[in-house]
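In what follows, a single structure is set out as structure tokens and then discussed.
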Amino acid sequence: MTTVSTNTFASRPSTGRSLEKSTFWIFRIATYVILLAGFAVFGDIVFKGSATVFGAFKTTSSFPYFTNTFLTEAPESLYVFEHKGEKREMGDTEYRAFREKETAAALAAGKPAPVFEAASYVYSAGGIWPCIVGTVLLVVGSMTIALLLGVSSAIFLSEYARDGTFVRFVRLAILNLAGVPSIVFGLFGFGMFVIYFDWNVSLLAGWFTLAFMVLPVVITASEEALKAVPKGFREGSLALGATKWQTIQSNVLPYALPGILTSSILGIARVAGETAPIMFTAAYVVRDKMPWDVEKISDFFFQGVMALPYHIYVVSSKIPQNEYTSRVQYGTAFVFLGIVALIAASSIILRNKLRGRYKW
Amino acid sequence: MPPDINTAADTGEPSSKFAIQKKRTRLFGLTLDETIRVFFGGNALVAVIVLALITFFLFREGSQFFGQNRDSLRTYRLAGLEYVDIIRQQEEDHTALTRYLFDIRLKAVVQLTEQGIDAAEINRRLAAFDAFSERYSDTIVPIRGLVFELTEVATDIKTRYNENEDYKVARKNFLAAGMKAEADEITIKDLDFAKEIVAITGTVSAYEQINNEYADALKASVTVLPTLPVASLQPRLERFRELTREYLATFPGRLATLKAWDNNAPVKWTEAFTQFIFGTRWLTASFWQDWYGIIPLFVGSLMISCIALFIAVPLGVGAAIYVNQIASPMEQRLIKPAIEFISAIPSVVLGFFGIAVLGQALRALSQWEALSWVPGFPYSERLNALTAGCLLALIAVPTIFTLAEDAINNVPRAFKEASFALGASRMQTIVRIIVPASLSGIVSAVLLGLGRVMGETMVVLLCAGNRIAIPDFTAGFTAFLQPVHTMTGIIAQEMGEVVRGGIHYRALFVVGLVLFFIALLLNFLAQKIVRKYRISIG
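Protein sequence lines, in the order shown, are assigned to chains A and B. Position one of the first sequence corresponds to residue 162 (my numbering), numbered consecutively onward. Position one of the second sequence corresponds to residue 919 (my numbering), numbered consecutively onward.
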């Protein structure tokens, strides 16, 4: 008998074991390929886009002494031309002023007016301020509607409803609504709000379309949060003589609220990120006025807005790809991705925190 | 409520009533609590209402499409366009045959070049073949001339008819607005199709004569085949003769069809329907005839989905197994949020990434020498089904991963423990126990992933190349490298440009309806599979 120097139960190499190991490696690679692909998209846009955004900082004479032209200006055309042997790039307003000044100077000096041969690229200068405003307006309005409808539906489903045909029907509808493609929501919004209600392309039409689209997410998330509140809380309150509504008000909603809000943030990310539903219901390719420049209050609701996702679609499909246009393309994509990622990340982090905190 | 109890006790009335009483405010005969309940219940109903409204409005805008399509088909027949297309088909078949000849020539040139023969010599050797092919393609000239003439006539009839219809609408609008004088100014000359059509059907005897000459010329041209300088291609030439004979055999049938053709034959409802469902052409704003066939769009959507799932299913399911069964807790905590994070990347950003980076990168990859064995590589179209499919895979992966991971997580612990207790290794447990037990959940995850991919708009709109044609499947896998158009893409692209209420507009709504029902069907299947094949203890 040989001497046993090591643990008898230690694993010995065998074909089965190495097969297992290599299979596990395949699974591991699959996982990391996904992460790598996501990282590639993210990294490319952050890397190239941040140059546009951070390159647009300018100092100003008044407080706060700096400004970011990319984030605070409206989009305009970019003019690229050669002047006195050097290459110049200017936005629309700057270019006009410059041309007038040069022409006047030349005329004053008694020389012939200089000829400007500029190549123009639409939307490639200026910034994306109106798009940011439009997206924020769309998100705030649609989430207000969606939360009101969604949370009340969830309260009904989790607190009041007893299993029956009606509830089964509602649940089935929610489940199916979640699978409807976003472009179909866009068509529906176009057919109902834009044409039938005659709201035209407007904020209001966009709000309702987006709210209906995100409704299943909000309902499911809120119901989950409500279900997580222990039964004892309700029973304690009811035993003290409170009515059902008082119980919900004082003993259920306050504890479910953080959960409802965090999960609904995921809904916000979805609303902010969708393009197809707002294409024909709320988004304009370009608009000079800011949303608050309205004569009547009611006009505010019936105006179309520029939105970030739609702007990305426009600048990436309707204008050619070159070094001048790619700056604004990447910059817009970076700002948009940043906003959505921030929303999504905060939701994920908050949820993981809350999971740990509430343990009843 | 507490105050009520106090007052009842303080006054100390001799009561025949209960000591504890509740005063209830009533709204429409409902107590406050009931009102609240009804309010919440009503909100819950919103989901049902929205679903109903979507169906209703899609139907409302789309339903008239089939009527309008039927009218369009009826005009197509009445004005004789159909008649001309029957003859045109003959011309097109001939063109296909000449293309076959070109193909043979191309192959011969390639082979000869490989043997190191220079261009002039190749042309000299192929001279006999070229003379043959020229003779062959010239035979169609009379037919082509006839088709050209008839096209003019039919277009003229159709244009006059459409103008007349427009006048009628204008007149009706004037009358409705009470402007009789303006209405009377519009003269409507009703078209007598029976009289007009003679200009087309009257040519049948001329056609018969031309056709006979054509058939004879064709027969004569293939009696003697030229010898090719490349012997291996000779069988293809024989095959070509075979094809020509088959083509010739269709002539009598075509003539009979033309003779029996009647411009007054009614267009059935089913025709308007089948032209949409099985139509292989989506052709709009054409001077000749608009076709609304969903097949090219459907095939495009399906192809892209296949590519996406082909990539996403192994990755998504593999990652789900890895994270749930193999990964360390630390990895688990990091990977799950990271993949959820990927699902938050907006699709339009992915589409932009496809245009700016992935399209070029894939094309560059295909031009890499070491990969030239892959069918279809290298290719030149930057935006095609493959580019869109790869990006959609990234959209489908988080959906499939999350749901599949859930399904695996729901496998009862006891299953795994029992397997280990019997001495199975980890891999055996995963392959034989965990995966089969959660298979229903995984399959439904894949179905929901498919639904996600089918309904995705922005990526395919930006990256699929948007060419409305059924890819050439005879070329095998190369079909997946061709640009395609999709159902979602066509709605997004054309909705902004169409006339409201027109046939094109309604056709887009019907496409939306088809998408809607596909989504419902996939959802239904996913639920059914989960419910039917769920495995649980006991």
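Glycine is no exception: its CB is placed at the ideal position from the N, C-alpha and C atoms. From a predicted model like this one, the values you see are computed outputs, not experimental measurements.
{"query": "Could you give the residue range of the beta strand (DSSP E) that holds Ala286/A?", "result": "280 to 287"}
{"query": "Please determine whether the Cβ atom of Gly1373/B lies at a distance below 7 Å from any heavy atom of the ligand GDP.", "result": "This structure does not include the ligand GDP; it has no bound ligands of any sort."}
{"query": "If you draw a straight line from the alpha carbon of Ile1061/B to that of Arg1163/B, how long is it in whole angstroms?", "result": "18 Å"}
{"query": "At least one CB of chain A closer than 8 Å to the CB of Ser1219/B: is that the case?", "result": "no"}
{"query": "Expressed to the nearest angstrom, what Euclidean distance is found between the alpha-carbon atoms of Tyr1451/B and Asp454/A?", "result": "59 Å"}
{"query": "Quick check on DSSP: helix, strand or coil for Pro236/A?", "result": "strand"}
{"query": "Quick one: complete alpha helix (DSSP H) runs, 4+ long, within the segment 1122 to 1160 of chain B?", "result": "1122 to 1141"}
{"query": "Could you give the DSSP three-state label for Glu250/A: helix, strand or coil?", "result": "strand"}
{"query": "May I ask you to list the residues that DSSP assigns as paired with Tyr1210/B?", "result": "Trp1200/B"}
{"query": "How long is the line joining the alpha carbons of Ser1358/B and Ala1437/B, rounded to whole angstroms?", "result": "19 Å"}
{"query": "Helix, strand or coil for Val466/A, going by three-state DSSP, please let me know.", "result": "strand"}
{"query": "Along the chain, where does the beta strand (DSSP E) containing Lys219/A start, and where does it finish?", "result": "218 to 220"}
{"query": "Pop quiz: Arg189/A and Tyr1240/B are said to be a contact at Cβ under 8 Å. What is the actual Cβ separation, rounded to whole angstroms?", "result": "6 Å"}
{"query": "Could you spell out the range, first to last residue, of the beta strand (DSSP E) harbouring Thr228/A?", "result": "227 to 229"}
{"query": "Quickly, what does DSSP pair Thr949/B with across the bridge? List them, please.", "result": "Arg944/B"}
{"query": "Can you tell me whether Phe983/B is helix, strand or coil according to DSSP?", "result": "helix"}
{"query": "Rounded to whole angstroms, what is the Cα-Cα separation between Gly246/A and Gly1218/B?", "result": "51 Å"}
{"query": "Does DSSP classify Glu243/A as helix, strand or coil?", "result": "strand"}
{"query": "Which residues in chain B have a C-beta closer than 8 Å to the C-beta of Gln464/A? List them in chain order.", "result": "Residues of chain B passing the Cβ test: none, with the nearest at roughly 18 Å."}
{"query": "Is the beta carbon of Leu239/A less than 8 Å from the beta carbon of Tyr282/A?", "result": "yes"}
{"query": "For Thr493/A, is the classification buried or exposed, using 16 other Cβ atoms within 10 angstroms of its Cβ as the cut-off for buried?", "result": "buried"}
{"query": "Under three-state DSSP, which class holds Val1402/B?", "result": "strand"}
{"query": "For Ala506/A, name the three-state secondary structure that DSSP assigns.", "result": "helix"}
{"query": "Going along the chain, which residues of its own chain have a beta-carbon closer than 7 Å to the beta-carbon of Glu263/A, five neighbours each way excluded?", "result": "Pro275"}
{"query": "If we ignore side chains and look at the alpha-carbon of each, how far apart do Glu1100/B and Arg448/A end up?", "result": "39 Å"}
{"query": "Taking all protein chains shown into account, decide if Thr1392/B is buried (16 or more other Cβ within 10 angstroms of its Cβ) or exposed.", "result": "exposed"}
{"query": "Please report the residue range of the alpha helix (DSSP H) in which Lys209/A lies.", "result": "176 to 215"}
{"query": "Name the two residues that bound the continuous alpha helix (DSSP H) containing Val310/A.", "result": "Just to set this straight, residue 310/A is Leu in the shown sequence, not Val. 290 to 316 is the span of the alpha helix (DSSP H), which, as asked, contains Leu310/A."}
{"query": "Count the other CB atoms within 10 Å of the CB of Gln1008/B; is the residue buried (16 or more) or exposed (fewer)?", "result": "buried"}
{"query": "Give the DSSP-derived three-state secondary structure of Gly1383/B in the structure shown.", "result": "strand"}
{"query": "Is Trp1200/B buried or exposed, if buried means 16 or more other CB atoms sit within 10 Å of its CB?", "result": "buried"}
{"query": "Taking Cβ positions only, does Glu979/B come closer than 8 Å to chain A?", "result": "yes"}
{"query": "At least one CB of chain A closer than 8 Å to the CB of Ile1313/B: is that the case?", "result": "no"}
{"query": "Residues in the segment 1269 to 1300 of chain B with C-beta within 8 Å of chain A's C-beta atoms, listed in sequence order?", "result": "Gly1269, Phe1270, Phe1271, Ile1273, Ala1274, Val1275"}
{"query": "Consider the Cβ of Trp473/A: report whether some Cβ of chain B lies at a distance smaller than 8 Å.", "result": "According to the sequence shown, residue 473/A is Ile rather than Trp. Answer yes: the Cβ-Cβ gap between Ile473/A and chain B drops below 8 Å somewhere."}
{"query": "Determine, using beta carbons only, whether Leu1304/B and Phe349/A come nearer to each other than 8 Å.", "result": "no"}
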